[in-house]
Every structure is written in structure tokens, then in C-alpha cells.
Ligand SMILES: N[C@@H](CCCCC(O)O)C(=O)O
Ligand SMILES: [Mn+2]
Ligand SMILES: [Mn+2]
Ligand SMILES: [Mn+2]
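Here's what the structure looks like:
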């Protein structure tokens, strides 16, 4: 597999400083070398340029709309370019508004993609249903065709057209969903496995049902958007919106190993690492746990693995 690593040092989809340092701490944690050690061909494509618009007043309750919208366009353009030359793009964020651009860019190359959204949150508020006005809680609302008439065209978003259907999305890990989001999930029949279903069916059954729901014939490219707050905060404490009762390390490994096993990964987003939150121990734990999960999206299996073509001497 050819992997293109892309840094997305962005934080304006929410109000805390720090997610702009996500790419830096993940690179410093050795992610590129660790993927190369798995036998992957890894090319680091550097960072997306981030736009900072002055006097970027809220619009329809959404904060920093121009900054988020214009940066999202640059993200989409860069992801499209990376995926024209690599098999998979690994997007290191950055807050979860990054997914507006990563999914829009991926969909230009893989129009038939499906989205697996691993997150404590549904991230599908419209500007009107959001309590916070933070766009990192809205990315999917800008991308889902069925929501187009419910989402105002914000300044900075003129370039974006919705590119996925509600039926192409499956959630795993939900445990903090707003009223408007729950209504949207039910109204448009979005596949959603909260932590309740993880407890009810077990992670193996949940992953199998999620994949079958969005891609019953097992042939569509997968955009996997991983918010590190999907994991229990004891594992990834340095994140902006932690919610107790999250995925265990083993459950998260299992999701990554099973998605890797499809061989149809097109893009992996890694969102919401905020190294400024918590103490040094929290930061190191968060980075180490996140990197260990990323390795399992790219072939590191608990049963062991070896580089392509390897045989015993
Ligand atoms: N649902 C909340 C929390 C969103 C958390 C965003 C994270 O999952 O990317 C909101 O809309 O502000
Ligand atoms: Mn391709
Ligand atoms: Mn989240
Ligand atoms: Mn999220």
C-alpha cells in the first residue's frame, strides 16, 4: 500500500487552542517510521495551508465560517491531489471540521465511497440545531445530500456541494448525541451503533453490521473518520470533548483491524488530538494510543505481520 500522510493543523472548528499541534505531536511520535516498518510505502505530503480570515463573525450561529470554509476547500484540493498519487491518505488533524474537506476531496477521487464515523459524537448538527456553534460538531451536515435544504450556504462554503447519502454513513461509538442529531439519524435512517449497541452485540457484531449496512456487496471504498474521543478518556485524555464510557483499546484495535482487512480503505482521518490539554503524561498516553490504533489501520495485526514478499531465510 502507498500511504500519503497529510498534516491538517487546524483548530477553528472549535474554541480551544491546541488541535493545530496534532500533526506535530503525531509525527514526533514516529508515525511515519512506524508505518514504514510495517512495510508500507509512506510519503509525507507536509501540512495543508490554513487560512485565517479576519473579522470572521459568526453566521447563522456557526463560528469562524469563512476560516473553516476556505481552509476546508484547501484540504479538499490537497486530499484529492494526494489520492491521485497514493492508495490511501492518512489525514492527521486537527479538529473534526477537517472531515468537511477530507470527505469532499476523497469523494472527487472515489465518488462511491462510504463513511465509517468512529466518534463519541454524531458531528451532524446543522448550524441551527447546534448549541455550541462549533463547526467540528457539524461536518457531516455539510456533506449529506438529504440535509442540503436544512443547511444554509455559509460564507466560505460556496465551493462545497453535498457528496454523500445518509445511507452511506455508519457510526460506531456514539454516547453524546444532541437532540437535533438524533432526529436527523432517525429521520434519514443513518446507521448508528452507540456504545449501548457495542455493549449489547459486542464489537465484532457491530463492525460486521456497520460494514454490511453501508456496503453489503463489500466493494465500495471506505473513508474512515476516527475521532480520538471515541476511545475511553482514560486512553485518550488530551482531547477537547471527552466523554466517559468509551471504546476500549481492544475494541478500537478490532475496528481498525477489520476495516484494514477489507483492503478498501481510501482515507483515514485522525481528529481531535489536543496536546495542550492535560499534563505531560496525558499527552504522551494520547499520542501513543492514537499511533498504536493508526498502525492497525495499516496492517499491524495482533496476530503478527510481516512486510510484503518476506519469507524466512
Ligand atoms: N455535539 C456537540 C459536541 C461536538 C463534538 C465534536 C467532535 O466530535 O468532533 C456540538 O455540536 O458542539
Ligand atoms: Mn486510488
Ligand atoms: Mn467527538
Ligand atoms: Mn468528532
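Residue numbers (the numbering used here): 147 to 459.
For every residue, glycine included, the Cβ atom is placed at its ideal position computed from N, Cα and C.
The residue from 184, 289, 305 and 302 with its alpha-carbon nearest to that of residue 312 is 289.
Residue 427 is classed as exposed because its beta carbon has fewer than 16 other beta carbons within 10 Å across all chains shown. Three or more pairs of CB atoms, one per stretch, sit closer than 8 angstroms, so the region 412–429 contacts the region 226–242. At a threshold of 6 angstroms, residue 420 does not count as near ligand 1, since its beta carbon sits no closer than that to any of the ligand's heavy atoms. Nearest C-alpha to residue 373 among 201, 149 and 439: 439. The Cβ atoms of residue 208 and residue 300 sit closer than 7 angstroms to each other. Contact annotation: residue 422 and residue 164 have beta-carbon atoms nearer than 7 angstroms. Set against 6 angstroms, the gap from the CB of residue 267 to the closest heavy atom of ligand 3 is smaller. Taking the Cα of residue 333 as reference, the smallest distance to any Cα among 296, 344 and 355 is reached at 296. Under the DSSP assignment, residue 373 falls in the beta strand (DSSP E) whose first and last residues are 368–373.
Nearest neighbour of residue 349 by Cα position, chosen from 434, 195, 187 and 397, turns out to be 397. For residue 412, the enclosing beta strand (DSSP E) starts and ends at 411–417. Rounded to the nearest whole angstrom, the CA to CA distance from residue 233 to residue 187 is 10 angstroms.
For residue 190, there is no enclosing alpha helix (DSSP H); the residue is part of the beta strand (DSSP E) that begins and ends at 187–193. The closest heavy atom of ligand 1 lies less than 6 angstroms from the beta carbon of residue 271. Remark: C-beta atoms of residue 166 and residue 157 approach each other more closely than 7 angstroms. For the pair of segments examined, the region 317–331 was found to touch the region 264–284: the number of CB pairs separated by less than 8 angstroms reaches three. Three or more Cβ pairs closer than 8 angstroms define a contact, and the region 302–318 meets that threshold against the region 340–360. Ranking 261, 182, 305 and 375 by CA distance to the CA of residue 217 puts 305 first.
Placement of the Cβ of residue 242 at a distance of less than 6 angstroms from at least one heavy atom of ligand 4 is found.
For ligand 3, no non-hydrogen atom lies closer than 6 angstroms to the CB of residue 434.
Residue 172 sits away from residue 446, with the two beta carbons spaced by 7 angstroms or more. Judged by beta-carbon spacing, residue 381 lies beyond the 7 angstroms limit of residue 370, meaning their Cβ atoms are not closer than that value.
Residue 452 and residue 404 have their alpha carbons spaced roughly 17 angstroms apart. With fewer than 16 other CB atoms across the displayed protein chains lying within 10 angstroms of its CB, residue 409 is exposed. For residue 276, the CB falls within less than 6 angstroms of some heavy atom of ligand 1.
Scanning 244, 226 and 178 for the CA closest to the CA of residue 197 turns up 244. In the assembly as shown, residue 203 is an exposed residue. Its beta-carbon has fewer than 16 other beta-carbons within 10 Å.
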